[in-house]
Ligand code: SAM
């Protein structure tokens, strides 16, 4: 698929037929790529969640696109029409109200079915609130899991959090302002009182990042209900306190089947304790035998 045409960007022929997943801004209207604009200009139709909302974006960039609604409530009827258009060699752009389509937004089935019928599918990357929140959170970004929206009801929310408790990664959640304090309190209870960050109104005038333990954040937002759009970032499970772990017991068990180096490495992996210290301790235990 080629969206790099040398002709005028308004020339529809400047993009090849297929489905384009086009990221749009999450707040600051300037956060849109040159390629996104080129595809939106070249598309025969732009499928979007809300035609008025996307219409304003098009207007800002002087794009006269044909907008077609594609949202959770009409997707099953709208999808076959979009697929027929693609099968006939059409150029279809998919956008959501904000950010990256398919990330807590519609589009997954359209992608799957377009590919199954042999249509070309590509993505025009750009803004995504989860990734922006992660960048600003100050929490380890090397391993993360996007967990989307938690269920609104407390019992289902706690069950969902329970499933995430052992995930060895930073967790990312989308949350609404009116449920934030309850969600943070449940996170503190179910995940443990981990370090976290509430990132709010990203890329907008009142962008804010508040760091703290989950319980502190729950209290803060209970007292001062927030406004705007929110990504909650939660640190992964913390290494157990050294004295809470039976290091000698674990090393002794590991030494029964492995050499000193491997035993130290295995216990370091499980506990997060420094390998060098475990190696020294394993040597000492080995000598005692
Ligand atoms: N597809 C979007 C993306 O790429 O981020 C997410 C769509 S999801 C329906 C909307 C949720 O994303 C909001 O409720 C909020 O949790 C989060 N979000 C979107 N824009 C945001 C922003 N500017 N700041 C913080 N969170 C945002």
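Numbering (this note's numbering), first residue to last: 113 to 401. Just so you know, even glycine gets a beta-carbon here, dropped at the ideal spot from N, CA and C.
Do you know how far the Cα of residue j is from the Cα of residue i?
i           : j           : result
residue 224 : residue 338 : 37 Å
residue 134 : residue 275 : 32 Å
residue 253 : residue 282 : 7 Å
residue 216 : residue 374 : 43 Å
residue 119 : residue 126 : For residue 119, the pLDDT reaches just 38, beneath the cut-off of 50, and the residue's location in the model is therefore unreliable, although a value from the coordinates is still provided. Taking the straight line joining both Cα atoms gives about 6 Å.
residue 292 : residue 365 : 44 Å
residue 175 : residue 377 : 59 Å
residue 122 : residue 232 : In this prediction, residue 122 has a pLDDT of 47, which is less than 50 and means its spatial position is unreliable; nothing more can be read from the coordinates.
residue 169 : residue 213 : 15 Å
residue 395 : residue 385 : 16 Å
residue 363 : residue 208 : 53 Å
residue 113 : residue 177 : 20 Å
residue 266 : residue 380 : 36 Å
residue 344 : residue 259 : 10 Å
residue 285 : residue 368 : 43 Å
residue 107 : residue 261 : Since the first residue shown for the chain is 113 and the last is 401, residue 107 is missing from the structure and cannot be characterised.
residue 346 : residue 382 : 21 Å
residue 330 : residue 196 : 49 Å
residue 277 : residue 349 : 7 Å
Which term fits residue i, buried or exposed, when burial requires 16 or more other beta carbons within 10 angstroms of its beta carbon?
i           : result
residue 415 : The structure shown does not extend to residue 415, since the chain is modelled only from 113 to 401, so the question has no answer here.
residue 188 : exposed
residue 392 : exposed
residue 371 : exposed
residue 152 : buried
residue 390 : buried
residue 256 : buried
residue 249 : buried
residue 194 : buried
residue 307 : buried
Could you spell out where the beta strand (DSSP E) holding residue i opens and where it closes?
i           : result
residue 205 : 203 to 206
residue 308 : 307 to 312
residue 257 : 256 to 261
residue 235 : 233 to 236
residue 168 : That residue, residue 168, is in no beta strand (DSSP E); its alpha helix (DSSP H) goes 163 to 172.
residue 139 : No beta strand (DSSP E) contains residue 139, which DSSP labels as neither H nor E.
Got a sec, what are the start and stop residues for the alpha helix (DSSP H) residue i sits in?
i           : result
residue 348 : Premise fails: residue 348 is in no alpha helix (DSSP H) and is neither H nor E.
residue 192 : 187 to 199
residue 279 : It is not in any alpha helix (DSSP H) - residue 279 carries neither H nor E in the DSSP assignment.
residue 366 : 359 to 367
Mind checking if residue i is an interface residue toward chain C, Cβ cutoff 7 Å exclusive?
i           : result
residue 145 : Of the chains in the structure shown, none is chain C; there is only one protein chain.
Do the region 196 to 214 and the region 154 to 163 meet, that is, are 3 or more Cβ pairs less than 8 Å apart? Judged by pairs of C-beta atoms under 8 Å, the region 196 to 214 touches the region 154 to 163, as three or more such pairs exist.
Is there contact here, the region 233 to 250 with the region 141 to 149, by at least three beta-carbon pairs under 8 Å? yes
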